[in-house]
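Engineer: At position 529 of the sequence shown (counting the first as 1) the number is 528 in numbering that gives the first Met the number 0, and the numbers step up by one without a gap.
Just so you know, even glycine gets a beta-carbon here, dropped at the ideal spot from N, CA and C.
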Amino acid sequence: MASRAELAERMGKRESNLHASLYGRPSADRATITRSFLQDLERALVALPQATEIEPHIRRPLATLVGLREELAEEGDADAGVRVHGAWFGELCATGPARDAVEAIVRGEALRDLVQEARDRRETERLLTGPLGEHARQTLVDLLAVTGLPPTVGASAINVLARLGLPAVAEIGREVYQSPMGFRSLRALTRMLWRVRLRRAGHAEGFPLASGERELLDEIEDVLLAVEERPPADPYPATGLVVEALRFAPAEWDWVDAAIVARARDGERPVRERMFALAVAADRAVRDVDSLLADVGGQPGDEEGLAWAAAVLSHRGDQAPAEWLAPPSSVHGRRLWPWPPGRPEPAAVQVVLDALDDADPALLPGSVRDGTKVLVAEALLTLDETRRRRALDVLNVAHVSGVAATAISAMPRDPDRVPRWLRERTAFVLGYLQGHDSLPRLREIVAAGTEHPAVLHAAAWGIGDTCGTGAWRTHRHCVPVDDLAALLRHPAPGPRHAAAYTLGVTRQPGARPALADVATDPHADRTTVALARWGLRVFDTERVKARADAPMCLPDSRTYLHADR
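Okay, structure coming up:
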């Protein structure tokens, strides 16, 4: 029997293919392509077995498709596109709130296609406030909830929101304050800013904005200013999502450079975020950047990550190699440059690269070995959080993340050899790869409980991202419930936040009492309490058992979609 998830996946793939095919096409071609898409989808739906479980998702769309084809057959109808996409979107949403992440993403794609058909801002507002307005609002709410899920799921919703543009900005501005996981939705704003910058690249300063871009930038600026002035809950500030958004801000936002410098200098901010802020400040060539590097990078004690950032940025330009790895030699494969001079980090990362050299050729063929080493070195050493995630995404897409995680786990653990910031970075990278091979090292860190709070935070959060999505949610033994429950009482806030997130997102049976205690503890910090309550709602709204066959989403994701509403 075909599952709802299989149907949603097929619909989602065809919807995405339609979007790609229609991009930049004249209206006549768009009608032909859309008609072909509907015929193809109808064949796919008919091919699925008729089952009570998926009946509403077959028969109703089938009836709608017949009407849509008739609409498209009408020549010269200027409103056909809006009517067709409106009817399609309405049918997708007719069964109520999305029941899993895939369904939410498919509806988001349909909403984006509908908005694209609008001729101007006024028509867009009419579409979003008319009969379909409630469906549009619910779709945005569902998409934003999906962004709070582990990266392999949340990234798809972020992409849809970024393409929706203006209609999504205000909802994102609310989400960051309403949900403890709302901070992840800021990446959608970053994507919007990046798309505007990309379109203007290569043009002279003052190149005119496209229609609607000025309103989009104004709305985004309002959200980011509010975040700067009234910071919302952020259980993982080290990821630097606000800094990343500011990085792509237009030059005319005259407050941005000062905000980035302030984050770099703020000793209360996580070291990893400050490192990223230093890199963005150097990239934007802010005023007195060399003085900033000298001041921040010269701080003693626990700030060795800042010293690394200052060393890398101070040696930029002619003194820096073009990439982390030197050319291959006849004796060894590609090895790290011993750069910047006098730093311990290259030697520690070289241990990881040596492990890749020793990897089984069946798992890591020689043809991709050097490329994998470049990506791993980039993920561990770069100051740029955007480039780090891209490197890790490529490792996942290339299906070498498992062997990469095994090699990264070989990183030395001696604090005298590996600075604290690199141990934290290693834990984050293992968690982001979201594979079973990452879990032994992460579980060991959490079980010992003796690492620096930042390292504990990254390891505990990584377990949640790894075991809170897909088939790994059925492997209950992978989550160290007792160790995480102990972290809920850790004196530092970071480990508490990560433990609450992981116990909630993995929905561990034994976690409920620990979360309930924290949720009602008047002495617990607000973010930990919010995450604990979020996790408890996950338990309270569970309807079906976890299935391992759900594609790119959590089974019964409705639990999460409405957990913090």
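(1) Rank Asp359, Pro360, Asp357 and Ala306 by C-alpha distance to the C-alpha of proline 340 and give the top, closest one.
(2) Could you check if valine 367 is buried or exposed, using at least 16 other CB atoms within 10 Å of its CB as the buried criterion?
(3) Helix, strand or coil: how does DSSP classify aspartate 163 here?
(4) In angstroms with no decimal places, state the Cα-to-Cα distance between tyrosine 176 and proline 231.
(5) Per DSSP, leucine 335 is paired with what?
(6) Going along the chain, which residues of its own chain have a beta-carbon closer than 8 Å to the beta-carbon of valine 454, five neighbours each way excluded?
(7) If you draw a straight line from the C-alpha of proline 249 to the C-alpha of arginine 442, how long is it?
(8) So within the segment 336-408, which uninterrupted alpha helix (DSSP H) runs reach at least 4 residues, ignoring any that extend past its ends?
(9) Can you give me the Cβ contacts of isoleucine 219 inside the same chain, cut-off strictly under 7 Å, excluding the 5 residues immediately before and after it?
(10) Which of helix, strand or coil does DSSP assign to cysteine 92?
(11) Please list the segments of the beta strand (DSSP E) lying wholly inside the segment 110-174, counting only runs of 3 or more residues, in order along the chain.
(12) Please report how far the alpha carbon of proline 179 lies from the alpha carbon of proline 364, in whole angstroms.
(13) My assumption, with CB atoms under 8 Å, is that arginine 194 sits in contact with alanine 161. Please give the rounded CB distance.
(14) Expressed to the nearest angstrom, what Euclidean distance is found between the alpha-carbon atoms of leucine 127 and glycine 85?
(15) Alpha carbon to alpha carbon, how far is leucine 530 from valine 517? Give it in angstroms, no decimals.
(16) Give the straight-line distance between the Cα atoms of threonine 519 and valine 528, rounded to the nearest whole angstrom.
(17) Just to confirm before moving on: does the CB-CB distance between leucine 432 and leucine 391 stay below 9 Å?
(18) In angstroms, rounded to a whole number, what distance separates the CA positions of alanine 497 and arginine 121?
(19) I need the DSSP call for glutamine 507, collapsed to helix, strand or coil.
(20) For the ligand NAD, any of its heavy atoms closer than 8 Å to the Cβ of glycine 430?
(21) At what residues does the alpha helix (DSSP H) containing tryptophan 420 begin and finish?
(22) Expressed to the nearest angstrom, what Euclidean distance is found between the alpha-carbon atoms of threonine 94 and valine 114?
(23) Would you give the residue range spanned by the alpha helix (DSSP H) that arginine 262 belongs to?
Structural biologist: This is what the structure holds:
(1) Ala306
(2) exposed
(3) Note that residue 163 is leucine in the sequence shown, not aspartate. Of the three classes helix, strand and coil, the one that applies to leucine 163 here is helix, per DSSP.
(4) 5 Å
(5) Leu324
(6) Arg419, Arg422, Glu423, Ala426 and Ile444
(7) So the two alpha carbons sit approximately 42 Å from each other.
(8) 344-356, 365-380, 384-396 and 400-407
(9) Annotation for isoleucine 219: Val168, Leu188, Met191 and Leu192 place their beta carbon closer than 7 Å to its own, counting only its chain and skipping 5 residues before and after.
(10) coil
(11) Not a single unbroken stretch of the beta strand (DSSP E) spanning 3 or more residues falls wholly within the segment 110-174.
(12) 42 Å
(13) Confirmed, Cβ separation roughly 7 Å.
(14) Taking the straight line from one Cα to the other gives about 10 Å.
(15) 9 Å
(16) So the alpha carbons of these two residues sit roughly 8 Å apart.
(17) yes
(18) 43 Å
(19) coil
(20) With respect to the ligand NAD, the structure shown offers nothing to examine, as it has no ligands at all.
(21) 419-432
(22) 21 Å
(23) 255-264
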